[in-house]
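Using the numbering used here, read the sequence shown as starting at 18 and increasing by one per residue. Note that CB positions come from ideal geometry on N, CA and C, so glycine has one too. Since we're looking at a predicted model, the values are computed, not measured.
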Amino acid sequence: MTSTPHLRAVQPADLAPPAARYAHAIESTGATRWLHTSGVVPTAPDGSVLGALPDQAAQVWRNLSAMLADADMGAGDVVSVTTYVVPGQDLGAVMAARDAFLGEHRAASTLVVVAELAQPAWLVEVALVACR
């Protein structure tokens, strides 16, 4: 799906540009449907969890993609992303997975390093908000 006209990146001229491929804020107008996910974890449909962070991040975004598709939404409808990562991980791999999914679309994005997630095997968890 392509970027929807009801989302606008808010990039005030008196702020430094974002530190990576995201927007400082997103203004949404005219949205009639919203999707708020829980924290989405790197569990594959068969219940397995891969060990490497890049694989886990890719699985999280496959899971998010399935949720968006079920809601008749896509990457262009994503307003904000909150990513949680355990310490000692390659944050670049996490951001690369986000960027690969979003493509040219920019969303508000927060990346937080947390002491641990609910399951020891999980290295990354992502929650997002989308609207259409």
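DSSP three-state label for residue i, please.
i	result
Leu52	strand
Leu32	coil
Val111	helix
Ala138	coil
What are the boundary residues of the beta strand (DSSP E) that includes residue i?
i	result
Val77	Segment Leu70 to Asp87 is the alpha helix (DSSP H) holding Val77; no beta strand (DSSP E) there.
Tyr39	Counting along the chain, Tyr39 falls outside any beta strand (DSSP E), and DSSP gives it neither H nor E.
Ala144	Val141 to Cys148
Val103	Neither: Val103 is in no beta strand (DSSP E) and is coded neither H nor E.
How long is the line joining the alpha carbons of residue i and residue j, rounded to whole angstroms?
i	j	result
Thr100	Asp94	17 Å
Val143	Gln28	24 Å
Ala33	Leu108	21 Å
Thr19	Val131	Note that Thr19 scores a pLDDT of 45, beneath 50, so its modelled location is shaky and nothing firm can be said.
Leu24	Glu44	6 Å
Arg123	Met90	15 Å
Val66	Ala138	7 Å
Could you pull the DSSP bridge partners for residue i from this structure?
i	result
Ala132	Beta-bridge pairing links Ala132 to no other residue.
Ser66	It should be pointed out that residue 66 corresponds to Val in this sequence rather than to Ser. Answer is Thr60, bridged to Val66.
Ala117	DSSP output for Ala117 lists no bridge partner at all.
Leu24	Ser45
Val95	Ala147
- request: Decide if the segment 112 to 129 is in contact with the segment 71 to 78; the criterion is three or more beta carbon pairs, one per stretch, under 8 Å apart.
  value: In short, these stretches touch, since the Cβ pair count reaches three.
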